[in-house]
Structure formats: C-alpha cells, structure tokens
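Here's the structure we're looking at; comments come further down.
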Amino acid sequence: MPTYSDADRAFMAHALALARRGLYTAAPNPRVGCVLVRNGEAIGEGFHARAGEAHAEINALVDAKARGRDPRGATAYVTLEPCNHTGRTPPCTEALITAGVDRVVAAMADPNPDAAHGAARLRDAGIAVDIGLLERESRELNAGFISRMTRGRPWVRMKVAASLDGRTALQSGESQWITGEAARHDGHRFRARACAVMTGIGTVRQDDPQLTARGVEVTRQPLVVIVDRHGETPPTARALATGNALVVTAGGANASWPHGVATIALPDAAGRVDLVALMRELASREINEVHVEAGTGLNGALLAAGVVDELLLYLAPCVIGDPARGVATFPGGLARLADRVALEWHDVSRVGDDLRLQARVKQKET
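The opening residue of the sequence shown carries number 5 in my numbering; numbering runs sequentially from there.
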C-alpha cells in the first residue's frame, strides 16, 4: 500500500473539488478532476465538463501550457485512473506519456472495462503510478457511473418529503408543501445531478409535475421517466411537454400522446412494469443516476424489486397524523418483520428548517 504525504492528500482533495464542477454536466461520463504538480507547486489543473469534450488530464495539460509551465517531471493527481482507449476523445495515457510526467496518483481504478488498464500502460512507459488516495470520496462522486459499469444498472436515489411522523401526503393526496423552500431547492440540486427523474402515473395524475431541475444552473435537463402500466398518462401532462420523456408501460403506447413521446413496453409475468428490466434498459441508455419522486405505490414496488440504493428523506418539523400516506406501500404487504428493507445512515444534515436524511440500502449477505 503506497504511503501518501500531506501534500499528496491536499492536491488530490483539490482534484476532487475540480471534479465536482462537472457534477451537473459530465454524465454519462464520470466526474473527474486533475492537478499537475511540479516541485510542490500546482502548474496546471482541469476537469471533465461533458461527454465529447476534453478529459480532465488534457485540460490540465492545456492549462499548464497556457501558464507557460512545463509538465515534464510533474506528478498528475487525477480522481480516476487515466483512460487507455479511444472513444469520443483520444486516450489520456498517451497524452501524459507524451507530456513527460514522472508520476500519476489516481484516486480509484477505472471501472469501465473499455477504458481500463491505463495504469499498466503508464507503468510500461516508465511512469510511477499509485492508486487509492481518497478513493472513497471519488467513488461517492461517481456512484452512478460505477454502478452502471459494474452492475449494469443505474444508482437509484429515492427522494421523499415527509412530516416528523413519516407522512408524505394527506389522505386526499395533498402534499404541497410539507417541507420548506430550502429543502425544495436542495431537492432540485439532486434532480440536476441525475440523468433521469422517475415518477409514476399516480403522481402525474395527482400533482401534474414538470420534474425539471429549477433554480440550478444546468446545461441539460434529466430524462423524465414515467412508469405507467396501462398507458394512462394524460396527453396534456406537463412532464410530456418537456420533449424529454420516456413512458414505460406493460403494454402499448397511448395513441393520444403527443408526437415524439418515447415509450417502451416492459411487462413482467404479472402484467406490471418489470422494474429490474427497466433499470437495465436505462443503463443501456447511459443513465448513471435515477432520481425517484413518486408515490407510495411505486416507491414500495421499487424497494421490493431491490433496485433502490439510497433514500433521500427531507423531514419537516411538523406532525400530520392519521389518516395520511406514508413513504411506501409494499405490494401485498410484508409477511414478516424480517422482510423489511434495512438501511444504514449515510448523512444527516439540516437544510433550512428541515432535516435531510440520507440512508443507503444495506446489501443482504450471501
């Protein structure tokens, strides 16, 4: 295991800060930052902004040249192992070799099998390579990309706004607004970082949401995915008006939907939408993160299908009481308490007057 200095950690932390600048733009590519350092001084830096544009390493080399600094003999701190393939752009390994860097420190190995083995290529060229510095932070930043590369499905984050007693809406369906403005804005930030926002037909009928990211500077809106078993989404639904929607049914398309609405049928054996197959389909469309804002029915079905990775719960300082709706309703209910979905805390923060709780679904031991 390599031994890292305080300077190594500081430069990698800066590379991670650069990578976060691509939080809303880099998908479907990973969020990556790079800092070039020579004689203890940063001589160039960059991040990957969007697919098809230069990677972080290339931008750092360009920045060094613009500063009049020579990268020969430098160390490149990069948050992901440099790629070793020609895709939309040439391999970063060759650019680093040509530039004459002496050492590369990467936060994590590249999970993309098509782009991997960059470290081996660099070592073959005589460059020292260390991998694993601040790996956890890099993996958190790219949970969706890693999930798509290693599991063949996106990272699924389920957002819920609830009262202190866990109620998400009145029995009538009224739910706007349980949480405050700061929490709603924070929720839009999570929408903006996702590749897709998913909801169900019940939410479309009840709230007619747009499901766009607002109040956040973005260059692209996430795909809106509507799970609609019978194809009952109203043609006037605001989510369809974005021109960036996919309706997933268990049968055919609705002839009344506006021209150009994308649709796909993914029925399971029971005639419902096959949610596991849906996640595989979204991964094939280069969707890294799915942000779910749905009602209790779809929430419960997603949890029961085992495709949810994280719960994002905004808890308001109020009590609604019974009768009202909770977070999720499991199809058929749970027969045993042992069948409950176990979570582990990831983060607890205050956002305005509300609490933001992030919990990860615990993986069952096999």
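For each residue, glycine too, the CB sits at the ideal point set by N, CA and C.
In the structure shown, Ala200 adopts extended strand secondary structure according to DSSP, grouped into three states.
Of the other Cβ atoms in all chains shown, fewer than 16 fall within 10 Å of the Cβ of Leu168; this residue is therefore exposed.
For the pair of segments examined, the segment 64-76 was found not to touch the segment 245-264: the number of CB pairs separated by less than 8 Å stays below three. Counting C-beta pairs closer than 8 Å gives three or more between the segment 34-45 and the segment 76-96, which meets the contact rule.
Take Gly204, set aside five residues on each side of it, and the residues of its chain with a beta-carbon closer than 8 Å to its own are Ile230, Val231, Asp232, Ala298, Gly299, Gly301 and Leu302, in chain order.
With a beta-carbon spacing of about 14 Å, Ala123 and Glu98 fall beyond the 8 Å limit used to define contacts. Secondary-structure assignment with DSSP links Gly77 through no beta bridge to anything. Sixteen is the threshold: when 16 or more other Cβ atoms of the shown chains lie within 10 Å of the Cβ of Asp190, as they do, the residue is buried. Collapsing the DSSP output to three states places Val39 in a strand.
Annotated as proximal: Ala254 and Pro271, with beta-carbon spacing under 7 Å. By the 16-neighbour rule on beta-carbons within 10 angstroms, Val109 is buried. Taking a cut-off of 8 Å on C-beta distances, the segment 22-33 does not touch the segment 155-172, as fewer than three cross pairs fall below it. Secondary-structure assignment with DSSP links Asp134 through a beta bridge to Val109. In the DSSP assignment, the residues bridged to Gly48 are Leu40. Only buried fits Pro115, as 16 or more other CB atoms lie within 10 angstroms of its CB. Annotated three-state conformation of Glu141 is helix, per DSSP. Distances from the alpha-carbon of Ala266 to those of Ile324, Asp278, Ala274 and Ala245 put Ala245 closest. For Ile230, the enclosing beta strand (DSSP E) starts and ends at Leu227 to Val231.
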